[in-house]
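Here's the structure we're looking at; comments come further down.
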Amino acid sequence: MHLIITAVSLPFLGTVDLSGYLLFVFIICILAVIGFEFVNGFHDTANAVATVIYTKALKPVYAIPWSGFWNFTGVMLGGVTVAMGILKLVPLDKLMTLPVSVGACLVLAVLLASIIWNLGTWYLGIPCSSSHTMIGAMIGGGLAFTLYYQGPGVNWDKAGEIGASLILSPIIGFGSAALLMLFLKHVTKSHALFHIPSGEHDRPPIHIRLLLITTCTLVSFFHGSNDGQKGVGLFMLILIAFMPARFAVDHQISNEKVLAALNQAAQITDARLHTNSINKPVMVELAAAIAQTKITLAEKDEKDVGKTYRYRKQVEGVVKDIKAVIKDPRVQLSGSEKDTFKKAAEELGHVTDFAPSWVVAIISLSLGHHDRLAAYCGNHWREDR
């Protein structure tokens with residue numbers, strides 16, 4: 067007699083209605099994304115603490131926990147903008163209309179590819195960005211998804227935007243650092259700034275140490291606020307792929323709040339339709355989108371994938387139409403009208419672009435706490451080799 071599990075209660079998630087192997091894969095994916103953030107520590111914490119340890123500004127036993135704390139803080143305070151940008155690389159809308167097992171395959175492929183590549187490059191001592199690894203894996207998974215299902219695949223506009231930043235960032239960083247180094251060398255008369263430590267107690271002056279510790283702190287904080295958000299994005303991809311009805315939109319935002327944002331935009335739209343004929347096409351589209359969104363808002367159901375999917379699409383459409391109206395040169399909006407539209411778009415954007423606080427907390431702990439352990443173990447393991 068075989069035992070078939072159809073539902074189980076998990077912390078933060080409550081009852082998860084997934085059958086046998088899907089439940090197993092779901093748990094594996096959750097552990098994998100936490101593992102990805104753990105492996106991230108082997109790669110990136112060393113970048114933040116290298117200068118303070120090399121110059122003897124801080125001992126490793128203090129530098130690594132300090133870096134881990136600021137990584138944790140960066141994730142907690144960094145918001146979800148980068149996380150949502152990562153999510154938009156893959157065809158989420160198409161994914162919601164297919165069986166859960168399809169999403170499970172995509173998510174597991176992305177996670178395993180990222181972890182294997184990260185571990186492999188770390189083992190061989192090859193410098194490699196975890197961000198490049200994860201984004202490459204998501205694009206690869208999106209391409210395979212497109213080839214197999216003949217549907218919309220990688221969001222190439224978003225991929226190009228992210229790719230350009232990944233290519234330009236090292237170039238700009240290298241050029242800026244080189245110019246700053248040359249400037250300081252020719253302008254600064256202090257030899258202590260360029261002194262190479264030669265012994266355990268050969269430390270730079272206190273003001274140089276404080277400067278080095280400050281840069282270590284900032285690098286750690288911004289690493290958390292950026293790379294930590296990528297972990298949040300991966301976590302949300304898992305939740306949406308396995309439980310789209312529950313996590314494709316933020317059900318915690320009340321219908322009244324959404325309706326208030328829609329009504330704010332509708333008031334301006336209706337007034338413009340009655341007084342201005344030049345910009346009627348864009349206004350007519352926006353008015354129709356708002357009206358349809360109100361209908362799907364009344365129908366949305368946390369347990370119905372189809373209704374949740376339609377609601378998500380409608381909200382995304384309204385936000386897109388509002389932004390189009392703001393940018394349209396034919397529409398002469400007043401300052402207050404623009405502000406109202408922007409506020410409405412921002413409020414509606416929170417419906418689809420969100421991450422539960424417990425997801426952010428888990429990634430923060432994974433990147434912050436595991437960063438310390440991973441970097442400490444990784445550095446000592448490499449020294450032993």
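The sequence shown runs 67 to 451 under this note's numbering. Where a beta carbon is used, it is the ideal one built from N, C-alpha and C, also for glycine. Being a predicted model, the structure only gives us computed values, none of them experimental.
Rounded distance between the beta-carbons of residue j and residue i, thought under 8 Å
i, j, result
"Ala332", "Ile356", "5 Å"
"Ala123", "Leu278", "4 Å"
"Lys224", "Leu155", "6 Å"
"Ala410", "Gln295", "At roughly 25 Å, the Cβ-Cβ gap does not stay under 8 Å, so Ala410 and Gln295 are not in contact."
"Ala129", "Val146", "With a Cβ gap of about 29 Å, Ala129 and Val146 do not count as contacting."
"Leu248", "His198", "With 8 Å as the limit, Leu248 and His198 do not qualify as a contact, their Cβ atoms being about 28 Å apart."
"Leu174", "Val82", "Not quite, the Cβ-Cβ distance comes to about 17 Å (not below 8 Å), so this is no contact."
"Val168", "Leu161", "7 Å"
Neighbour-count burial assignment, residue i, 16 or more Cβ in a 10 Å radius
i, result
"Phe287", "buried"
"Gln398", "exposed"
"Gln318", "exposed"
"Met67", "Confidence at Met67 is low in this model, with a pLDDT of 38, below 50, so the placement of that residue should be treated as unreliable; the coordinate-derived value is given next. Met67 comes out exposed."
"Ile306", "buried"
"Asn137", "buried"
"Gly401", "exposed"
"Ser432", "buried"
"Ser195", "buried"
"Glu403", "buried"
Proximity below 7 Å, CB of residue i to CB of residue j
i, j, result
"Ile181", "Gly101", "yes"
"Arg376", "Val315", "no"
"Val298", "Ala149", "yes"
"Thr418", "Val381", "yes"
"Gly134", "Gly290", "no"
"Ala326", "Leu414", "no"
"Ile428", "Cys95", "no"
"Val166", "Phe308", "yes"
"Pro270", "Thr121", "yes"
Of the residues the options, the one placed nearest residue i, counting alpha carbons only
i, options, result
"Leu172", "Lys386, Ile205 and Phe135", "Ile205"
"Leu352", "Arg338, Pro422, His289 and Gly144", "Arg338"
"Gly372", "Ala170, Gly229 and Ala311", "Ala311"
"Pro395", "Leu300, Met349, Ala170 and Ile152", "Met349"
"Asn106", "Thr280, Lys323 and Leu185", "Leu185"
"Val324", "Thr341, Leu363 and Asp387", "Leu363"
Alpha carbon of residue i to alpha carbon of residue j, nearest angstrom
i, j, result
"Ser430", "His252", "42 Å"
"Gly207", "Met200", "10 Å"
"Ala114", "Pro126", "12 Å"
"Phe301", "Gln358", "31 Å"
"Asp437", "Leu284", "The pLDDT assigned to Asp437 is 49, lower than 50, so where the model puts this residue is not dependable; a value taken from the coordinates is nonetheless given after this. Roughly 16 Å between the two C-alpha positions."
"Gly202", "Trp222", "12 Å"
"Phe240", "Val425", "34 Å"
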